[in-house]
Amino acid sequence: MLRAHDPGVRVASLRGVDAAYLVLTGTDLSICLFVGAFHLDQLRLEGRCTFAYAPSGIHWRHKIWPYRWTHRRTLAEEHHWRALVADNPAPPRGWQTGPNHPDPGIAPGLDDVAAAYRQLRKAFEDGKNEPGAADFYYGEMEMRRHDRAESPAGERGLLWAYWLISGYGLRASRALACLGVAMAVTVLALALWGLPTNAPSSHSVGTLTGTTIALTTDSPAPVLTTPMRHRLTAQRVESASRVVVNSVVFRSAGQNLTTTGSFIEMVSRILEPVLLALAVLAVRSRVKR
């Protein structure tokens with residue numbers, strides 16, 4: 018057991034160490050190398066053990082595209098890998114270089130870093146600290162998303178979409194933003210192409226023969242004949258908004274729609290509840306104990 022009586026105590030490397038019976042308490046692990054350790058999933062971390070963090074602030078890619086790194090705990094090996102990424106400036110802004118920089122040939126592979134993240138995530142989960150494990154799950158997914166050698170293209174495509182939409186189910190704000198954008202696009206599409214000009218009225222034709230009455234009811238298909246420039250009215254937008262909210266939350270719109278509008282509503286019923294569920298999942302992952 019290593020205990021940090023002094024705030025400056027830090028562990029530089031666990032390579033080759035069997036961590037099955039190792040306990041670290043209040044230790045600085047910001048430069049610690051985990052790849053190459055054994056039984057990391059059985060490592061016990063108690064007290065305030067600090068890790069390196071992703072760079073903060075707004076950065077610019079190619080001087081025209083702003084981006085911001087997610088604030089999370091990271092392993093030193095991820096810092097070393099990102100410092101080697103081709104589009105990083107020299108010296109890399111915010112990412113710490115490793116002992117083998119700038120030679121990528123002897124740096125740990127992304128699959129090894131992903132495995133280290135996975136085992137440390139399990140160690141946090143076994144310690145009943147699931148919110149603390151979230152950053153390590155995020156790091157594992159990041160390594161898999163960028164790993165061209167081990168992850169197939171289809172899997173990486175799914176991971177890119179999962180990251181973009183909800184931050185791997187850990188970023189509620191991102192999922193809610195995507196939900197808002199999807200609902201706004203759906204409202205616009207319904208107002209332009211989904212709502213009929215007028216609600217179709219049923220027409221009944223009947224015959225009376227003796228005491229038997231036969232009625233035939235004909236409901237014409239909803240038709241949209243309003244010119245395009247007159248479709249974005251407050252009334253149509255309000256009707257489209259009610260359709261979207263009802264289809265997402267209550268799963269029943271109860272509104273006559275054109276054929277195009279019916280397809281738009283079907284896509285909305287599939288996609289937008291998924292985004293809402295991802296937002297709920299992200300909140301739950303951050304507060305669950």
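In this text, residue positions in the sequence shown follow the numbering used here: the first is 18, and each later residue adds one.
A virtual CB, placed ideally from N, CA and C, is assigned to each residue, including glycine.
Express the C-alpha separation of residue j and residue i in angstroms, rounding to a whole number.
i    : j    : result
R173 : H163 : 7 Å
H22  : L46  : The pLDDT assigned to H22 is 48, lower than 50, so where the model puts this residue is not dependable; a value taken from the coordinates is nonetheless given after this. The alpha-carbon atoms of H22 and L46 are separated by roughly 15 Å.
G184 : A192 : 8 Å
C195 : T250 : 25 Å
T214 : F280 : 18 Å
S68  : D129 : Per the sequence shown, the amino acid found at residue 68 is Phe instead of Ser. Their backbone Cα atoms lie some 18 Å apart in a straight line.
V262 : A71  : 37 Å
P239 : V266 : 24 Å
E142 : L241 : 55 Å
A73  : Y179 : With the sequence shown as reference, residue 73 is identified as Ser, and Ala is not the correct amino acid for it. Approximately 22 Å between the Cα atoms of the pair.
Q59  : G144 : 10 Å
L312 : E63  : As displayed, the chain neither begins before 18 nor continues past 306, which places residue 312 out of reach and without an answer.
R65  : R248 : 59 Å
If you drop the 5 nearest sequence neighbours on each side, which residues of the same chain put their C-beta closer than 6 Å to that of residue i?
i    : result
S264 : A270, E282, S285 and R286
R303 : P148
W210 : T277
D152 : R89 and R90
A206 : I281
A37  : H56 and Q59
What does DSSP give as the partner residues of residue i in its beta bridges?
i   : result
P83 : W77
E63 : T42
L50 : S30
D35 : F55
Leaving out five residues before and five after residue i in sequence, what residues of the same chain have Cβ atoms less than 8 Å from its Cβ?
i   : result
W77 : P83 and Y84
V28 : L19, L41, T44, D45, L46 and C49
R61 : L39, V40, L41, A140 and G144
K80 : none
Just reading off the beta strand (DSSP E) that residue i is part of, what are its end residues?
i   : result
T42 : V40 to T42
Let me know the secondary structure DSSP gives residue i once reduced to three states.
i    : result
E94  : helix
S264 : helix
D164 : coil
T214 : coil
D120 : coil
F153 : helix
A29  : coil
Y70  : strand
F280 : helix
L274 : coil
H22  : With a pLDDT of 48 at H22, under the threshold of 50, the predicted position of this residue should be treated as unreliable, and no value is reported.
R259 : helix
R301 : helix
For residue i, which residues from the same chain have a beta carbon less than 7 Å from its beta carbon, with the 5 sequence-adjacent residues on both sides left out?
i    : result
R253 : A208 and L212
G53  : R32 and G33
A124 : H97, W98, L101, G115 and N117
A199 : L288, E289 and L292
V2   : The chain is shown only over 18 to 306; residue 2 falls outside these bounds and no answer can be derived.
The alpha helix (DSSP H) that contains residue i, what's its start and end?
i    : result
R191 : A189 to A206
L176 : A170 to S183
D143 : L127 to D143
Between residue i and chain D, is any beta-carbon pair separated by less than 9 Å?
i   : result
F51 : Among the chains of the structure shown, chain D does not appear; only one protein chain is present.
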